[in-house]
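Here's the structure, in structure tokens; my notes come after.
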Amino acid sequence: MTDCNRYILTAHCPGRQGTIDAVTGFLAQQNCYVLEMASFDDRDTNRFFVRIEFDACSRLTEDFEGFTADLQERVEPFQMQWEIHDACRQLPVVIMVSKYDHCLNDLLYRSRTGKLPIEIRAIVSNHPDLEPLAQWHQIPYHHLPITPVTKQQQEQNLLQIVSDSGAELVILARYMQVLTEELCELMQGRVINIHHSLLPGFKGAKPYHQAYEYGVKMVGATAHYVTPELDEGPIIDQIIESVNHSFTIEQLVEKGQDTECLTLARAVKHHAEHRVFLNGRKTVVFG
């Protein structure tokens, strides 16, 4: 088998005995070789989650409809909701950015070098500053300036760009505008945001400068799905790094931006590899 014959089965259902056997037993009967498996039974919500990566059998590639019909019959008694994904497919995405370019640059590099399984179909910004960077990478750049008057129309333009590009995920790579409640609800589970995680919670302009004035001892970042509640969506990944009294403001900002880049990249990778399950306000993430 080649790498391009790999598939991923993701499923969730009420927790009960026999759930793992229902999927692994079926795959074994179909001569599909399991390469990686992770599962979790949440006793608080009585939900079972499983992700299985496997080499495809000839029946899956030659008779996909028959294969999936038999799988549905096997797992239906468990009220299981499932999907099968091509493990070698690059996830089409749109990246949104304002003026800070560190997260965008990191995603572009990781995508270009094959470290992230994504295909960047378009870059959208409320400023024109980063268009030369997009042009260098030969990626369409859409400048959508935002004002209180234009915000609603520009979000409609964004939705059109997402639709036309075939993007399945929108990445907010330091996009410094708040999305409307309507857009958040419409794209639930399909928008990932990154923001700093500092204690105390410094808000407003130049949070790292505020943190420096208070002598913080750690910086960090949080990547999460976007919801109508600002910066309170289900968390996918978080990173913290220690800093100390010797850090200059420039070093503090650099360390903070490094954590933002790495946290966002890890969250996007988890999502693109179908490792993230929504579980109420929380997530189940199989690393």
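Just so we're aligned: 14 in numbering that gives the first Met the number 0 is position 15 of the sequence shown, and the numbers increase by one with no gaps anywhere. Each residue gets a CB set at the ideal place from its N, CA and C atoms; glycine is no exception.
- prompt: Which one of 101, 192, 6, 277 has the shortest CA to CA distance from residue 257?
  reply: As a first step, residue 257 is located in the sequence shown; it is residue number 258 there, counting from the start. For residue 257, the closest alpha carbon among the candidates 101, 192, 6, 277 is that of 101.
- prompt: Does the separation of the CB atoms of residue 270 and residue 191 fall below 9 Å?
  reply: Counting from 1 along the sequence shown, the entry for residue 270 is found at position 271. Counting from 1 along the sequence shown, the entry for residue 191 is found at position 192. Against a cut-off of 9 Å, the Cβ pair of residue 191 and residue 270 comes out as a contact.
message: Quick check on residue 226: buried or exposed, where buried means 16 or more other Cβ atoms within 10 Å of its Cβ?
response: For the purposes of this step, residue 226 is taken as residue 227 along the sequence shown, with counting starting at 1. Flag for residue 226 reads buried.
query: Are there 16 or more other CB atoms within 10 angstroms of the CB of residue 105, so buried, or fewer, so exposed?
result: As a first step, residue 105 must be located in the sequence shown, where it is residue number 106. The residue in question, residue 105, is buried, as its Cβ has 16 or more Cβ neighbours within 10 Å.
- request: Provide the residue span of the alpha helix (DSSP H) that contains residue 32, from first to last.
  value: Here the question's residue 32 lines up with position 33 in the sequence shown. For residue 32, no alpha helix (DSSP H) encloses it; the enclosing beta strand (DSSP E) starts and ends at 32-41.
- request: Give the secondary structure of residue 255 by DSSP, where H, G and I count as helix, E and B as strand, and everything else as coil.
  value: As a first step, residue 255 is located in the sequence shown; it is residue number 256 there, counting from the start. Residue state, collapsed to three classes: helix.
- prompt: In terms of residue numbering, what span does the beta strand (DSSP E) encompassing residue 90 cover?
  reply: The count along the sequence shown starts at 1 and reaches residue 90 at position 91. Element bounds for residue 90: 90-96.
- prompt: Would you call the region 58-70 and the region 88-99 touching, i.e. three or more CB-CB distances under 8 Å?
  reply: Judged by Cβ distances under 8 Å, the region 58-70 makes no contact with the region 88-99, as fewer than three pairs qualify.
query: So residue 50 packs on residue 117, CB below 8 Å; how close in whole Å?
result: Within the sequence shown, the letter at position 51 stands for residue 50. Within the sequence shown, the letter at position 118 stands for residue 117. The pair is not a contact, with the Cβ atoms about 18 Å apart (cut-off 8 Å).
Exposure label - residue 44; buried when at least 16 CB within 10 Å: The residue given as residue 44 occupies position 45 in the sequence shown. Looking at its Cβ environment, which holds fewer than 16 other Cβ atoms inside 10 Å, residue 44 is exposed.
- prompt: Which class does residue 100 belong to by DSSP, given the choice of helix, strand or coil?
  reply: Position 101 of the sequence shown, counting from 1, holds the residue named residue 100. DSSP, reduced to helix, strand and coil, places residue 100 outside both helices and strands of the structure shown, so it counts as coil.
field: Expected contact under 8 Å - CB spacing of residue 210 and residue 262 to nearest Å
entry: On the sequence shown, residue 210 is found 211 positions in, with the first residue counted as 1. On the sequence shown, residue 262 is found 263 positions in, with the first residue counted as 1. Contact doesn't hold; Cβ gap of about 17 Å is too wide.
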